[in-house]
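Enquirer: The sequence shown runs contiguously to residue 98 in the numbering used here.
Backbone N, C-alpha and C define an ideal beta-carbon position, used for all residues, glycine too.
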Amino acid sequence: RIREYNFTRVAQAEYEYDPSAAEARLFRQPLRWLKRNVELGWKMGGFVASVVLDIQQGVEPQRRRQRAQELERIIASLGPAIIKGGQALASRPDLLP
Numbered sequence: 002r003i004r005e006y007n008f009t010r011v012a013q014a015e016y017e018y019d020p021s022a023a024e025a026r027l028f029r030q031p032l033r034w035l036k037r038n039v040e041l042g043w044k045m046g047g048f049v050a051s052v053v054l055d056i057q058q059g060v061e062p063q064r065r066r067q068r069a070q071e072l073e074r075i076i077a078s079l080g081p082a083i084i085k086g087g088q089a090l091a092s093r094p095d096l097l098p
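1) Could you tell me which whole alpha helix (DSSP H) segments of length 4 or greater appear in the segment 56-88?
2) For the segment 20-35 and the segment 74-92, state whether three or more C-beta atom pairs, one from each stretch, are separated by less than 8 Å.
3) Please state whether DSSP places Glu-15 in a helix, a strand or coil.
4) Which residues in the same chain as Glu-71 place their Cβ atom closer than 7 Å to its Cβ, once the five residues preceding and following it in sequence are excluded?
5) For Ala-82, tell me which candidate among Ala-69, Leu-41 and Gln-30 has the shortest Cα-Cα distance.
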């Protein structure tokens with residue numbers, strides 16, 4: 002569908018977002034939710050552990066490029082929602098310490 006606002010054509014969404022329905026749908030699938038959170042935690046936890054180990058061993062500066070490439074692969078493998086979250090964090094540096 003297309004609407005016109007002030008002589009500008011704008012696409013109209015087929016479905017209206019309903020946060021309550023989205024929440025209900027999420028909590029009807031607890032195993033799916035748990036699996037996704039375990040996947041996120043496992044991949045990101047492993048990355049953080051690698052960086053901490055690099056710091057403890059004193060090799061973090063030499064491995065920085067390798068870890069950046071690894072982080073890029075991890076984020077890309079986790080999907081568009083994680084990428085969008087990363088973009089939000091990149092534009093709001095005050096959200097992280």
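Expert: With the given structure in hand:
1) Runs found: 61-79.
2) Contact check between the segment 20-35 and the segment 74-92: fewer than three CB pairs, one atom from each, fall below 8 Å, which does not count as touching.
3) If DSSP states are grouped into helix, strand and coil, Glu-15 belongs with coil.
4) Excluding residues within five positions, the ones whose Cβ falls inside 7 Å are Phe-48.
5) Nearest to Ala-82 by alpha-carbon distance, out of Ala-69, Leu-41 and Gln-30, is Leu-41.
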